[in-house]
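Read through the structure below, which is laid out as structure tokens, and then see the notes.
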Amino acid sequence: MAGTDRSQASYRVPHGGCVRGEIAVPGDKSVSHRAVLLGAIAEGTTEVENFLESEDCLATLNAMRALGVGIERPAAGRVVVEGVGLDGLQAPTASLDMGNAGTAMRLSMGLLAGQRFGATLVGDASLSRRPMERAAAPLRLMGARIDTSGGRPPVTMHGGCRLQGIDCTLEVPSAQVKSALLIAGLYAEGETIVREPAPTRDHTERMLRAFGVPVQSEPGRVALRGRARLHAAHLQVPGDLSSAAFFIVAGVIAGEGRFLIRDVGINPTRTGLLAILRLMGADIRVRNARLAGDEPLADLEVHASELKGIEVPRALVPLAIDEFPVLFVAAACARGTTVVAGAAELRVKESDRIAVMAEGLSALGIEALPRPDGLSIVGGTLQGGRVASHGDHRVAMAFAIAALRARSDVLVEDVANVATSFPGFAAIARHAGMAIEEVR
Ligand code: S3P
Numbered sequence: 000m001a002g003t004d005r006s007q008a009s010y011r012v013p014h015g016g017c018v019r020g021e022i023a024v025p026g027d028k029s030v031s032h033r034a035v036l037l038g039a040i041a042e043g044t045t046e047v048e049n050f051l052e053s054e055d056c057l058a059t060l061n062a063m064r065a066l067g068v069g070i071e072r073p074a075a076g077r078v079v080v081e082g083v084g085l086d087g088l089q090a091p092t093a094s095l096d097m098g099n100a101g102t103a104m105r106l107s108m109g110l111l112a113g114q115r116f117g118a119t120l121v122g123d124a125s126l127s128r129r130p131m132e133r134a135a136a137p138l139r140l141m142g143a144r145i146d147t148s149g150g151r152p153p154v155t156m157h158g159g160c161r162l163q164g165i166d167c168t169l170e171v172p173s174a175q176v177k178s179a180l181l182i183a184g185l186y187a188e189g190e191t192i193v194r195e196p197a198p199t200r201d202h203t204e205r206m207l208r209a210f211g212v213p214v215q216s217e218p219g220r221v222a223l224r225g226r227a228r229l230h231a232a233h234l235q236v237p238g239d240l241s242s243a244a245f246f247i248v249a250g251v252i253a254g255e256g257r258f259l260i261r262d263v264g265i266n267p268t269r270t271g272l273l274a275i276l277r278l279m280g281a282d283i284r285v286r287n288a289r290l291a292g293d294e295p296l297a298d299l300e301v302h303a304s305e306l307k308g309i310e311v312p313r314a315l316v317p318l319a320i321d322e323f324p325v326l327f328v329a330a331a332c333a334r335g336t337t338v339v340a341g342a343a344e345l346r347v348k349e350s351d352r353i354a355v356m357a358e359g360l361s362a363l364g365i366e367a368l369p370r371p372d373g374l375s376i377v378g379g380t381l382q383g384g385r386v387a388s389h390g391d392h393r394v395a396m397a398f399a400i401a402a403l404r405a406r407s408d409v410l411v412e413d414v415a416n417v418a419t420s421f422p423g424f425a426a427i428a429r430h431a432g433m434a435i436e437e438v439r
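So that you can map any letter, position 332 of the sequence shown is 331 in numbering that gives the first Met the number 0, and since no number is skipped, the others follow by simple counting.
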């Protein structure tokens, strides 16, 4: 789709209504990126089930193909990766386009840091504004040669560098940076140790173990030794909690009866949203908890609940980092004020989510006061109207959910990027009972 066409896509969402019945959401974005990237450098054939076929994950998949890895998609959600081993990647013949995907870019920086060849990573307008030095700087300490453009993409990775393991303390809690360093650490001499100021998602550590790499984890510290070989694995991707989040909030603010979201990943480094909503008074029950390979999975039963405003505990912020757009909508529906602090990272996501959410909530008649590192929201009555998503997929979906409690219809503009993480969002919303329409 051409850029101008994309920005004209909108959601028209009638106000009111409810969600009910049962749904399932597509595969986890973070796990899907890692499955093709690590499968690419494993020895043997890795099979991935329930791979998320979104634009972001396909950017990683196409990048691996451009590095000479054979990847097939024999059926929906099924991906077969012919791993080439640690040293089997080939130089790409063109720049690698990561689209909108920060995860694709930062994890690929870790992968490319120790290759014989160089490569240039580019992205769309949003990704081209996002900070890359947080990954580049520690990778340089390992011996990589990397040029960024004033700290942002395009990123040029120079080849032929010998990497050395380092002991690195991250300045910001970031699973992408942690993962980039661990992946580079596979190519380094000696031990790579990453210390994080707060726990972040641990999918890379879990998946490396599934590929047979010994990874040592203890609270605040992860370590691995270089040159460990990866052995092909069979991977089952759980449903994405970050996609389920929109429907969890929908069920809490407008559920009817027992609303069930099946097969959702409940890795404890991802479940901050559930903890925060429960502190606000939400009734969310975990059913049928089990394992999908190395990742925990469950069905979530959500009941309509009266919410109250809270001060969100700072320790929960990194565990819910992608869920704040829809959490802010829940806060708008709560009695009293909700205060989020310690969340400055939200300013460097696909959009400045503090500014963009404050603007959109204000457009819908909610008092939302941005601060440098968060937002305070006074619960009230959502009005209808027109909201700009600024091309941010999670902002677009959050405001579609807000319509459930609005006094008139909501038009959410610029929603094409929903396809980066949640293709089929509108169809699943309709299945749950919402009368959302995609319009141009
Ligand atoms: C992700 C890590 C988080 C998250 C992103 C996915 C990952 O980013 O916001 O959507 O898959 O590692 P940061 O590492 O920048 O916090």
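C-beta atoms are modelled at their ideal positions from N, C-alpha and C, and glycine is treated no differently.
Alpha carbon of residue i to alpha carbon of residue j, nearest angstrom
i, j, result
"residue 219", "residue 207", "18 angstroms"
"residue 414", "residue 184", "38 angstroms"
"residue 0", "residue 120", "No answer about residue 0 holds up, because its pLDDT of 41 lies below 50 and its placement is not dependable."
"residue 130", "residue 150", "6 angstroms"
"residue 165", "residue 111", "17 angstroms"
"residue 315", "residue 127", "28 angstroms"
"residue 93", "residue 283", "48 angstroms"
"residue 212", "residue 81", "18 angstroms"
"residue 216", "residue 422", "34 angstroms"
"residue 73", "residue 330", "43 angstroms"
"residue 308", "residue 257", "24 angstroms"
"residue 65", "residue 152", "19 angstroms"
"residue 114", "residue 107", "11 angstroms"
"residue 254", "residue 298", "16 angstroms"
"residue 86", "residue 123", "29 angstroms"
"residue 452", "residue 76", "Because residue 452 is not part of the residues shown, which for the chain are 0 to 439, the question remains open."
"residue 400", "residue 118", "40 angstroms"
"residue 175", "residue 306", "32 angstroms"
"residue 105", "residue 137", "12 angstroms"
"residue 145", "residue 44", "31 angstroms"
"residue 197", "residue 313", "10 angstroms"
"residue 347", "residue 242", "20 angstroms"
"residue 61", "residue 53", "12 angstroms"
"residue 147", "residue 157", "11 angstroms"
Contact under 8 angstroms by Cβ, residue i with residue j
i, j, result
"residue 359", "residue 342", "no"
"residue 382", "residue 406", "yes"
"residue 209", "residue 179", "no"
"residue 318", "residue 237", "no"
"residue 259", "residue 300", "yes"
"residue 201", "residue 268", "yes"
"residue 39", "residue 249", "no"
"residue 340", "residue 373", "yes"
"residue 290", "residue 37", "no"
"residue 225", "residue 188", "yes"
"residue 397", "residue 327", "yes"
"residue 240", "residue 263", "yes"
"residue 384", "residue 363", "yes"
"residue 116", "residue 143", "no"
"residue 320", "residue 344", "yes"
"residue 171", "residue 139", "no"
"residue 275", "residue 311", "yes"
Contact belief for residue i with residue j at Cβ below 8 angstroms, rounded distance in angstroms
i, j, result
"residue 103", "residue 58", "5 angstroms"
"residue 338", "residue 375", "5 angstroms"
"residue 361", "residue 125", "The pair is not a contact, with the Cβ atoms about 22 angstroms apart (cut-off 8 angstroms)."
Contact set for residue i: own chain, Cβ-Cβ below 8 angstroms, skip 5 residues either direction
i, result
"residue 181", "109, 191, 193, 203, 204, 207, 214, 221, 223"
"residue 55", "28, 32, 98, 99, 100, 102, 103, 419, 420"
"residue 395", "10, 388, 411, 413, 414, 416, 417"
"residue 434", "12, 13, 16"
"residue 177", "169, 193, 195, 199, 203, 221"
Own chain partners of residue i with C-beta closer than 6 angstroms, once the 5 adjacent residues on each side are dropped
i, result
"residue 51", "25, 26, 28, 31"
"residue 20", "none"
"residue 6", "413"
"residue 440", "Outside the modelled stretch of the chain, which goes from 0 to 439, sits residue 440, for which no answer is possible."
"residue 96", "121"
"residue 83", "68"
Cβ-based burial, residue i [other Cβ within 10 Å; buried from 16]
i, result
"residue 49", "buried"
"residue 392", "buried"
"residue 161", "exposed"
"residue 334", "exposed"
"residue 287", "exposed"
"residue 324", "buried"
"residue 380", "exposed"
"residue 235", "buried"
"residue 69", "exposed"
"residue 429", "exposed"
"residue 368", "exposed"
Cutoff 7 angstroms; reference residue i; Cβ partners in own chain excluding five residues on either side
i, result
"residue 11", "408, 410, 436, 438"
"residue 168", "194"
"residue 426", "none"
"residue 371", "343"
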